[in-house]
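Okay, so here's the structure we're looking at.
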Amino acid sequence: MKSKTLCEIAKKTNIKKKIENYAELVKDPGYVCVKCGRAAADKGNLCKPVKI
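My numbering puts the sequence shown at residues 402 to 453.
Here is the structure:
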């Protein structure tokens, strides 16, 4: 099963209630999304990732 992107998570989840889980996804980012500007450790969590 494909993991959700940060965009999907932000739209469907109250991030304040799941901040620990969300923080783990963005900890030590290696990629940034050219669509929304979010950064993540795993490119699979972004819509249009590029390596940084």
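Cβ coordinates follow ideal geometry from the N, Cα and C atoms, glycine included. Treat the numbers as computed from the prediction; the structure is a model and nothing was measured.
1. How is C434 classed by DSSP in three states: helix, strand or coil?
2. Beta strand (DSSP E) containing K456: first to last residue?
3. Using the rule of at least 16 other Cβ atoms within 10 Å of the residue's Cβ for burial, across every protein chain shown, is C448 buried or exposed?
4. Measuring alpha carbon to alpha carbon, tell me which residue in K418, K436 and I453 is nearest P430.
5. Using the three-state DSSP reduction, which class does A441 fall into: helix, strand or coil?
Quick look at the numbers:
1. What you label residue 434 is simply residue 33 of the sequence shown in a count that begins at 1. In this structure, C434 counts as strand in the three-state DSSP scheme.
2. With the chain represented from 402 up to 453, any question about residue 456 goes unanswered, as that position is not in the structure.
3. Position 47 of the sequence shown, counting from 1, holds the residue named residue 448. The residue is exposed, with fewer than 16 neighbouring Cβ atoms inside 10 Å.
4. If you number the sequence shown from 1, residue 430 lands on position 29. Comparing Cα positions, the closest option is I453.
5. Within the sequence shown, residue 441 is the residue found at index 40, counting from 1. Under the three-state reduction of DSSP output, A441 falls in the strand class.
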